[in-house]
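All you need for the numbering used here is the position in the sequence shown, starting with 1, plus 181. Glycine included, C-beta positions come from ideal geometry on N, C-alpha and C. What follows is a short report on a single structure.
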Amino acid sequence: MNIEAIKAAVDAGQTVHWANTGYIVHKDALGQYLITYRHGGSTIGLTDQSGTRLNGDEAEFYVAGANNDL
């Protein structure tokens, strides 16, 4: 998934994971898109500071329930 597709899925209320189901992409109250590890709470931005590069490989992001949960 590319940046735009990830943001659109999150905005549509879909659950987006990165790498495995332990990582969830979400939008905070400030409108920032973040990746959080749900078992430890560690959080990073979805992208670098420029907003143009994902903090992860596009191929590792997926929508939950789309027959690809790991």
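In this chain, Glu241 is not harboured by any alpha helix (DSSP H), its DSSP state being neither H nor E. For Asn201, the enclosing beta strand (DSSP E) starts and ends at Asn201 to Lys208. Within the same chain, Val206, Ile216, Gly237, Glu241 and Phe242 come within 7 Å of Trp199 by CB-CB distance, once the 5 residues on both sides are set aside. Checking the DSSP bridge columns, you'll see Thr224 partnered with Thr217. Around the beta carbon of Ala189, a 10 Å sphere encloses fewer than 16 other beta carbons of the protein chains shown; the residue is thus reported as exposed.
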